[in-house]
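As structure tokens, the structure follows; a few thoughts come after it.
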Amino acid sequence: MQVHFCGVRGSTPAPGPDFVRYGGHTSCLALSAGPDDRPSLLLDVGTGARRVSSLLAGAPFVGTVLLTHLHWDHLQGLPFFRAGDRDDAVVSLCIPEQEPSADPLEVLARSMSPPHFPIRPDQLRGRWRFDTIAAGTTRIGPFEIASRTVPHKGGPTLGYRVSDGRATMAYIPDHCPTAFGPGPDGWGEYHREALELARDVDVLVHDAHLAPEELAAEAAFGHSAADYAVALGRRAGARRVVLFHHKPERTDTELDALGCRLRAHDLEVIVGAEGAVLDL
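For the sequence shown, counting from 1, position 166 maps to 150 in this note's numbering; every step adds exactly one.
Written out as structure tokens, the structure is:
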């Protein structure tokens, strides 16, 4: 499995000279079965989805998009995803199950249709299918996907565990564990769903939006402390942790300092950077 980090920022894009090394695009991972294969699975389509087309070397995207939830920073790259907006693209896009009987296309169109945007999702070129995904296990191409509900403010939110039979990764970009109480460290509970997703994975990509001292004022917006991400990885037996969904004002220098502070002897900790590639 090969994982391309196309966007690692949270909430809003972060342009400018202070955000060059780690990048300013919002959440998007592109997964392929191996280094010689084209990406066929996207996890979220924040503005980082603009980078995916270059990975396809002129080919259309043929595959699946899984959204963790419907906040703008995980969705706004959809109409700018050029490899998916062409006549020969074939795309299945899945959103977490919403209220009973809610049509996924109509839910997406609430934020992507006039007057908010010139076109609707079903006006993207190519063959698009819009569906929902619930907590459970499913097979998508070469990947087995386990999804679990995680706490995050403002709508149904899933975390994903992706395996190709040889390697496994967990993706939990928006997570508010303090919703279940302060937990043993004051950073939130290490609850069953989070531990199930992260158990013995090769890499855990996790929400690191906040510093511990920011939790009291900002956790209610739905995010984790970076320290929680590392502690969850350790408790779950993950081999490495990638800190993800960086706060938009967190500069390159501050992210360098975060990585140094959380460096561990028993667990590899990486500060997620746009353009990075992991071979699992």
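Beta carbons: idealized from backbone N, C-alpha and C, even for Gly.
Sequence-distant residues of its chain with Cβ nearer than 6 Å to residue i (five each side left out)
i: A33; result: C12, G61 and F65
i: M(-15); result: D148, A151 and L264
i: S(-5); result: D57 and P232
i: A154; result: R145, L181, A182, V185 and L188
i: A203; result: T162
i: V91; result: Q82
i: L199; result: A209
i: A119; result: S131, R132 and T133
i: S76; result: T48 and R113
For residue i, the first and last residue of its enclosing alpha helix (DSSP H)
i: G143; result: Here G143 belongs to no alpha helix (DSSP H); instead the beta strand (DSSP E) covers L142 to S147.
i: P88; result: P88 to A93
i: D211; result: A210 to A220
i: L39; result: V36 to L39
i: A182; result: R176 to A182
i: A195; result: Note, A195: premise wrong, no alpha helix (DSSP H); not H, not E.
Bounding residues of the beta strand (DSSP E) (the contiguous stretch that carries residue i)
i: G120; result: G120 to I124
i: Y155; result: T152 to I156
i: D236; result: Run containing D236: none in the beta strand (DSSP E); it sits in the alpha helix (DSSP H), D236 to R245.
i: E252; result: E252 to V255
i: E128; result: F127 to T133
i: F205; result: Looking at the DSSP string, F205 is not in any beta strand (DSSP E), and its letter there is neither H nor E.
i: L15; result: C12 to S16
i: L50; result: V46 to L50
i: V261; result: V261 to D263
i: D307; result: No information on residue 307 is available, as it lies outside the stretch -15 to 264 that the chain covers here.
i: Q(-14); result: Q(-14) to G(-9)
i: V225; result: R224 to F228
i: L62; result: Note, L62: premise wrong, no beta strand (DSSP E); not H, not E.
i: V75; result: V74 to P80
8 Å Cβ cutoff met for residue i and residue j
i: P44; j: L108; result: no
i: V187; j: A222; result: yes
i: L216; j: V253; result: no
i: W171; j: D211; result: yes
i: R132; j: E177; result: yes
i: I156; j: H190; result: yes
i: L266; j: R224; result: Nothing can be reported for residue 266: it is not among the residues displayed for the chain, which extend from -15 to 264.
Other residues of its chain near residue i: CB distance less than 7 Å, five sequence neighbours each side excluded
i: I124; result: L25 and T48
i: L89; result: P105, D106 and F114
i: V74; result: V46, G110 and R111
i: R5; result: D236 and A257
i: H136; result: H53, D158, H159, C160 and G206
i: S16; result: Q(-14), R22, P23 and S24
i: P(-1); result: G8
i: P(-3); result: G8, H9, T10 and T31
Closer than 7 Å: residue i CB and nearest the ligand ATP heavy atom
i: G(-9); result: With respect to small molecules bound, the structure shown includes none, and the ligand ATP cannot be examined in it.
Anticipated Cβ contact below 8 Å, residue i with residue j, distance rounded
i: A192; j: H249; result: That pair is no contact at about 19 Å.
i: F(-11); j: G259; result: 7 Å
i: P80; j: T116; result: 7 Å
i: L142; j: T52; result: 5 Å
i: A67; j: S37; result: 4 Å
i: L39; j: A14; result: 6 Å
i: H55; j: G138; result: 6 Å
i: V214; j: L239; result: Actually they are not in contact, since the Cβ atoms of V214 and L239 sit about 14 Å apart, beyond 8 Å.
Residues of its chain near residue i, where Cβ-Cβ distance is below 8 Å and the 5 sequence neighbours each way are ignored
i: P168; result: Y174
i: D2; result: T235, D236 and T237
i: P19; result: Q(-14) and D263
8 Å Cβ cutoff, residue i in contact with chain D
i: D21; result: Given the protein chain composition of this structure (a single chain), no chain D is represented.
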